[in-house]
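The opening residue of the sequence shown carries number -12 in the working numbering; numbering runs sequentially from there. Where a beta carbon is used, it is the ideal one built from N, C-alpha and C, also for glycine. None of the values given here were measured: they were computed from a predicted structure. As structure tokens, the structure follows; a few thoughts come after it.
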Amino acid sequence: MTHDAIGFGTWPFQGDDAERAVATAVEAGYRLIDTATKYGNEAAVGRGLRASGVDLRELRIQTKLRGDDHGDVRGALGRSLEALGVDALDAWLIHWPLPMLGRYPEAWAEMVRLREEGLVREIGVSNFLPEHLDALERATGVRPAVNQIQCDPTIARGGLRDELRARGIGVQAWSPLGRGGEVLRAEPVLRIAAARGLTPAEVVLAWHGTLGIVPIARSADAARQRQNLAAVALRLDADELAVLAGLPQRGLGDFDPRLRDER
Ligand SMILES: NC(=O)c1ccc[n+]([C@@H]2O[C@H](COP(=O)([O-])OP(=O)(O)OC[C@H]3O[C@@H](n4cnc5c(N)ncnc54)[C@H](OP(=O)(O)O)[C@@H]3O)[C@@H](O)[C@H]2O)c1
């Protein structure tokens, strides 16, 4: 099965583990592969992509501009292309807005130019709030193709997702399984899983798929990679969605884009 409704997450894999996980994921049918300069694994991810034997032109290779590179966007792209071993990127995202640095609008303007030069096919952002999206539009008139945000049924981000939809910006979810933590043990998730004969992870990925969110899911295990790939095509009904909408919501905590200083 091949999908563009789900992406494969590669943080925190390193070295051979990263290479192996990426190769099995691509063999299983993942086509969107997500990495970031900050993860320090672009070269290993590149090796995994080539080890899969799948034509790179069939894949959607996505990496991210780190905070330390907001002032050297062109140099950063060159380094990412070299590490990944590709001539152009399919998608390149600003990893965090870093408003305390204040350079993301100029970084975005440079990314727009690099896209025009054909070195990047699609440009987007991660962890952006409406105020940050407004600043990009004021600087360039260009909206991101996608915003990758933290999202799972316990941090559903409904207001932000509605805003992104209204602006025509695609939604990707990072930590879509809540890092394998509490969301997979939440009572309503377990109840739906039991009733449907699914695993909790399948229920959570079905939630993403039903709401049109593209989860960037990570697993080191080939069987769980396949399970996750298939699960995103499952659909929850209105009652199941309503049950999950009743889950207590957690806050952004350390991942508030207005405060997070991750370079
Ligand atoms: N843009 C950003 O700022 C940002 C921030 C964080 C992450 N990300 C991206 O998002 C990706 C995913 O997020 P994440 O890595 O934090 O966590 P995640 O995908 O929500 O969860 C991964 C955890 O869930 C487990 N898991 C996966 N499939 C499972 C299944 N079917 N059943 C049970 N457990 C399962 C994995 O264990 P096993 O490996 O043992 O299966 C792993 O411990 C990252 O890899 C990265 O690419 C982006």
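As assigned by DSSP and simplified to three states, the class of residue i
i	result
Phe242	helix
Val41	coil
Asp59	coil
Asp4	helix
Glu104	coil
Glu189	helix
Leu223	coil
Pro235	coil
Among the options, nearest to residue i - alpha-carbon criterion
i	options	result
Leu43	Thr22, Ser67, Val73, Thr24	Val73
Arg34	Gly58, Ala8, Gly16	Ala8
Gly23	Arg66, Ala(-8), Ala229, Tyr91	Looking at the sequence provided, one finds Ala at residue 23 rather than Gly. Of the listed residues, the one whose Cα sits closest to Ala23 is Arg66.
Gly(-6)	Arg90, Ile142, Gln214, Tyr17	Tyr17
Arg222	Arg152, Arg183, Val112, Pro117	Arg183
Arg130	Cys138, Leu151, Gln212	Leu151
Arg250	Val41, Tyr91, Phe0	Tyr91
Leu147	Ala96, Arg100, Gly40, Ile200	Ile200
Leu64	Gly89, Gly27, Val107	Val107
Ala126	Gln137, Val158, Gly89, Trp(-2)	Gly89
Ala15	Gly54, Arg211, Ile81	Arg211
Gly157	Ala122, Val112, Glu118, Gly238	Val112
Check: residue i C-beta below 7 Å from any heavy atom of ligand 1
i	result
Thr(-3)	yes
Asn114	yes
Arg250	no
Asn28	no
Asp82	The question names Asp, yet the displayed sequence has His at residue 82. True, at least one ligand heavy atom lies under 7 Å from that Cβ.
Gln1	no
Ala204	yes
Asp286	One cannot answer for residue 286 here, as it falls past the ends of the chain, which runs -12 to 250.
With 16 other Cβ atoms within 10 Å as the buried cut-off, status of residue i
i	result
Glu227	buried
Ala204	buried
Arg172	exposed
Gln1	exposed
Asp3	exposed
Asp139	buried
Arg166	exposed
Pro244	buried
Close-in-space but distant-in-sequence residues of the same chain around residue i (CB under 7 Å, 5 per side omitted)
i	result
Ala30	Ala70
6 Å CB neighbourhood of residue i in its chain, flanking five on each side removed
i	result
Phe115	Pro84, Asn134
Val190	Val176, Ile179, Ala180
Ile110	Trp79, Met98, Arg102
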